Amino acid sequence: MQVSFSRETPKELDALVLPVVKGIDVQSIAADLPQEARAQLAKAAQAADFSGKKGQMVELLTPAGMEGVGRILLLGLGEAEKLNGREVEHAGGRAAGACMARKAKRVALLADVPAGAQMPAADFAARLASGAKLRNYRFDRYKTKKADDGDGGNGREPDAKTRIEELVVVPGEAPDAAEKAFVPLAAIAESVHFARDLVNEPANVLTPKAFAKRVVEMAEDVGLEVEVLKPKQLRAERFNALLAVGQGSANKPRVVVLQYNGAGDDSAPIAFIGKGVCFDTGGISIKPSAGMEDMKGDMGGAAAVVGTMRALAARKAKVNAVGVVGLVENMPDGKAQRPGDIVISRSGQSIAVLNTDAEGRLVLADCLDYAKEKFAPARMIDLATLTGAIIISLGKEHAGLFSNNDELAEALFEAGQNTGEKVWRLPLGPAYDKLIDYDIADMKNIGGREAGSITAAQFLKRFIGDVPWAHIDVAGTAMASPKSDINDSWGSGFGVRLLNALVDMAASGK
Ligand code: BES
Ligand code: MN
Ligand code: ZN
22 MQVSFSRETP
32 KELDALVLPV
42 VKGIDVQSIA
52 ADLPQEARAQ
62 LAKAAQAADF
72 SGKKGQMVEL
82 LTPAGMEGVG
92 RILLLGLGEA
102 EKLNGREVEH
112 AGGRAAGACM
122 ARKAKRVALL
132 ADVPAGAQMP
142 AADFAARLAS
152 GAKLRNYRFD
162 RYKTKKADDG
172 DGGNGREPDA
182 KTRIEELVVV
192 PGEAPDAAEK
202 AFVPLAAIAE
212 SVHFARDLVN
222 EPANVLTPKA
232 FAKRVVEMAE
242 DVGLEVEVLK
252 PKQLRAERFN
262 ALLAVGQGSA
272 NKPRVVVLQY
282 NGAGDDSAPI
292 AFIGKGVCFD
302 TGGISIKPSA
312 GMEDMKGDMG
322 GAAAVVGTMR
332 ALAARKAKVN
342 AVGVVGLVEN
352 MPDGKAQRPG
362 DIVISRSGQS
372 IAVLNTDAEG
382 RLVLADCLDY
392 AKEKFAPARM
402 IDLATLTGAI
412 IISLGKEHAG
422 LFSNNDELAE
432 ALFEAGQNTG
442 EKVWRLPLGP
452 AYDKLIDYDI
462 ADMKNIGGRE
472 AGSITAAQFL
482 KRFIGDVPWA
492 HIDVAGTAMA
502 SPKSDINDSW
512 GSGFGVRLLN
522 ALVDMAASGK
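Under the numbering used here, the first residue of the sequence shown is numbered 22, with each subsequent residue one higher.
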């Protein structure tokens, strides 16, 4: 989607969107529209009982005196005083969703900041555009019949929605300032789309090798330093626990390391570590078949990590950061690991693999240890679709947050509130840690029925040392999450916006 910022409303449009706050007389907005169209709008608004309440929408087809415009959409924003970046972004997403459902390709968005809103005009316009861009995503590369293909032919229904191709944002004043404010938001939205693509892609296409290749191409695109560790190097680097997970698959593991030095000094980086299980059958401890197809998304943590790194580079964030993702496939096979196997992890600690379906923690154990040793990071944050139990605890509203550091946990909580990628902290403690002790090895990889997400986090904690660390369990939020104003795709890209917000908070001294 092409986004431009203009002082003037274009004359040829499939849709013109007018955001309206509560309690505004519709006739009084968009003063430069023809008088007849404004009168029509006011009538339509009245007939539909439109008050500007959040979520309301009124459509006026072929407005009078505006030959080139297919429709006007009035979009309720709610109360002006309650507007903030997140709310406005969601409004932009609602606008885009309505346009996509109507197959509107050329769209203008009036983005004059409403009186009473507590945000700068440039921000308002940029956030609207950002929300529209986030929503304007469809994973349709395997649909052989697109929205525009019409009926007939092979008898399949064409895709019901299309993407907006051109978006003209019309801020009330200073389009240049709005455009400037949009630049980093556009970079972030594109990176969210990059992450969603990875999550949505089926596992026959997105093998560990193919995932790594996509990351390398992306890294070259945005100017990130990238290194791919193949099995030989992984053995030399003692990624034994990760290799054990991958040993039952014909698709061999990879670890991808991304580096970004934007701070302009050699300060210790923030490290992001991602679980990238490209498909999780459970291995020999095989999962039931119902719903197993969803396990193509078991690399959602890794997708968020590479998406975050992409965004940081593309928007030239002033930070030093590294990303480490462990890419494997967990399959049952003659070579697969067995329940009861004992592996010596990279850190030297021994692990009894009592359940081969608790594989994510094995992958992360080695990646965390590698990141810690290689980069001496100031902070480490891992993201992983780690446990089904987190969905039982928190549903799909919040990701689970675990941390050994209150300051980091609070910063992540705040970043979650601001972006809408919300996290909720759960406890850690020695009593939980004891649950993964094992008599013939240092630990076992499962802790029993109780507190499944916590014992998984305790397991990771054994590989952290004393680096400030947070673990985010995104099993409920990275995929198959509820549709929202800014996402109606199966893969959400959850984490990219959260981590970017965290980096910005650190940069502004919080
Ligand atoms: N990838 C799964 C967790 C998962 C479940 C993610 C549902 C998304 C949706 C993970 O590898 C797993 O299988 N965890 C087990 C752990 C158990 C064996 C201790 C689980 O949650 O059942
Ligand atoms: Mn599993
Ligand atoms: Zn898994």
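Quick reminder that beta carbons are idealized off the backbone N, C-alpha and C, glycines included. None of the values given here were measured: they were computed from a predicted structure.
Suppose contacts are defined by Cβ-Cβ distances below 7 angstroms. Is residue i in contact with residue j by that definition?
{"i": "Ala373", "j": "Lys465", "result": "yes"}
{"i": "Leu131", "j": "Leu39", "result": "yes"}
{"i": "Ser414", "j": "Asp387", "result": "no"}
{"i": "Thr377", "j": "Gly304", "result": "yes"}
{"i": "Cys120", "j": "Ile50", "result": "no"}
{"i": "Arg115", "j": "Asp506", "result": "yes"}
{"i": "Gly514", "j": "Ala216", "result": "yes"}
{"i": "Ala68", "j": "Leu81", "result": "no"}
{"i": "Pro84", "j": "Gln61", "result": "yes"}
{"i": "Leu447", "j": "Phe423", "result": "yes"}
{"i": "Glu380", "j": "Asn351", "result": "yes"}
{"i": "Pro489", "j": "Phe396", "result": "no"}
{"i": "Ala292", "j": "Val340", "result": "no"}
{"i": "Ser212", "j": "Gly328", "result": "yes"}
{"i": "Met500", "j": "Val220", "result": "yes"}
{"i": "Ala202", "j": "Pro192", "result": "no"}
{"i": "Ile411", "j": "Ala491", "result": "no"}
{"i": "Asp301", "j": "Asp319", "result": "yes"}
{"i": "Arg127", "j": "Asp35", "result": "yes"}
{"i": "Ala265", "j": "Ser371", "result": "no"}
{"i": "Leu404", "j": "Val524", "result": "no"}
{"i": "Val189", "j": "Ser25", "result": "yes"}
{"i": "Ala334", "j": "Tyr281", "result": "yes"}
{"i": "Leu449", "j": "Thr476", "result": "no"}
{"i": "Ala357", "j": "Gly269", "result": "yes"}
Could you pull the start and end residues of the alpha helix (DSSP H) that residue i belongs to?
{"i": "Gln67", "result": "56-68"}
{"i": "Arg217", "result": "196-221"}
{"i": "Gly106", "result": "106-122"}
{"i": "Gly267", "result": "261-267"}
{"i": "Leu433", "result": "427-440"}
{"i": "Ala240", "result": "229-243"}
Within the present structure, is the beta-carbon of residue i separated from the nearest heavy atom of the ligand ZN by less than 6 angstroms?
{"i": "Gly421", "result": "no"}
{"i": "Val298", "result": "yes"}
{"i": "Asp525", "result": "no"}
{"i": "Gly473", "result": "no"}
{"i": "Asp319", "result": "yes"}
{"i": "Gly381", "result": "yes"}
May I ask which residues mark the beginning and end of the beta strand (DSSP E) holding residue i?
{"i": "Asn280", "result": "Position check: residue 280 holds Gln in this sequence, whereas Asn was assumed. Taken as a continuous stretch (DSSP letters only), the beta strand (DSSP E) holding Gln280 covers 275-282."}
{"i": "Met78", "result": "78-82"}
{"i": "Phe300", "result": "291-301"}
{"i": "Gly97", "result": "92-99"}
{"i": "Gln23", "result": "23-26"}
{"i": "Pro179", "result": "No beta strand (DSSP E) holds Pro179; DSSP gives it neither H nor E."}
{"i": "Arg256", "result": "Note, Arg256: premise wrong, no beta strand (DSSP E); alpha helix (DSSP H) at 252-257."}
Could you check if residue i belongs to the surroundings of the ligand BES, using beta carbon to heavy atom distance under 6 angstroms?
{"i": "Asp4", "result": "As displayed, the chain neither begins before 22 nor continues past 531, which places residue 4 out of reach and without an answer."}
{"i": "Ile411", "result": "no"}
{"i": "Thr498", "result": "no"}
{"i": "Ile93", "result": "no"}
{"i": "Ile467", "result": "yes"}
Hey, is residue i close to the ligand MN, as in C-beta under 6 angstroms from one of its heavy atoms?
{"i": "Asp378", "result": "yes"}
{"i": "Asp301", "result": "yes"}
If we cut at 7 angstroms on Cβ distances, does residue i have a partner in chain D?
{"i": "Ala284", "result": "Here chain D cannot be found, since the structure has a single protein chain."}
>> For the stretch 103-110 against the stretch 133-148, do three or more pairs of beta-carbon atoms, one drawn from each stretch, fall closer than 8 angstroms, so that the two count as touching?
In response: The count of Cβ pairs closer than 8 angstroms, one atom from the stretch 103-110 and one from the stretch 133-148, reaches three, so the stretches are in contact.
>> Below 8 angstroms, how does it come out for the stretch 265-281 and the stretch 376-394: are there three or more Cβ pairs, yes or no?
In response: Touching, yes, given that three or more Cβ pairs across the two stretches are closer than 8 angstroms.
>> I'd like the ranges of any alpha helix (DSSP H) spanning at least 4 consecutive residues and lying wholly in the stretch 331-417.
In response: As far as the stretch 331-417 is concerned, its whole alpha helix (DSSP H) runs of at least 4 residues are 381-396, 410-415.
> Which runs of the alpha helix (DSSP H) fall wholly inside the stretch 136-170 and span at least 4 residues, in chain order?
Replying inline: For the stretch 136-170, whole alpha helix (DSSP H) runs of length 4 or above, ordered along the chain, are 142-156.
> Is the number of C-beta pairs between the stretch 283-298 and the stretch 321-329 that are closer than 8 angstroms three or more?
Replying inline: Three or more beta-carbon pairs drawn from the stretch 283-298 and the stretch 321-329 are found closer than 8 angstroms, and the two stretches are therefore classed as touching.
> Any chance the stretch 337-351 sits against the stretch 228-244, with 3 or more Cβ pairs inside 8 angstroms?
Replying inline: Yes, they touch.
>> Just to confirm the assignment: which complete alpha helix (DSSP H) runs, minimum length 4, are found wholly within the stretch 450-517?
In response: Counting only runs of 4 or more, we get 451-455, 473-482.
> Does the count of Cβ pairs from the stretch 91-103 and the stretch 425-441 closer than 8 angstroms reach three?
Replying inline: The answer is no - the stretch 425-441 does not touch the stretch 91-103, with fewer than three Cβ pairs under 8 angstroms.
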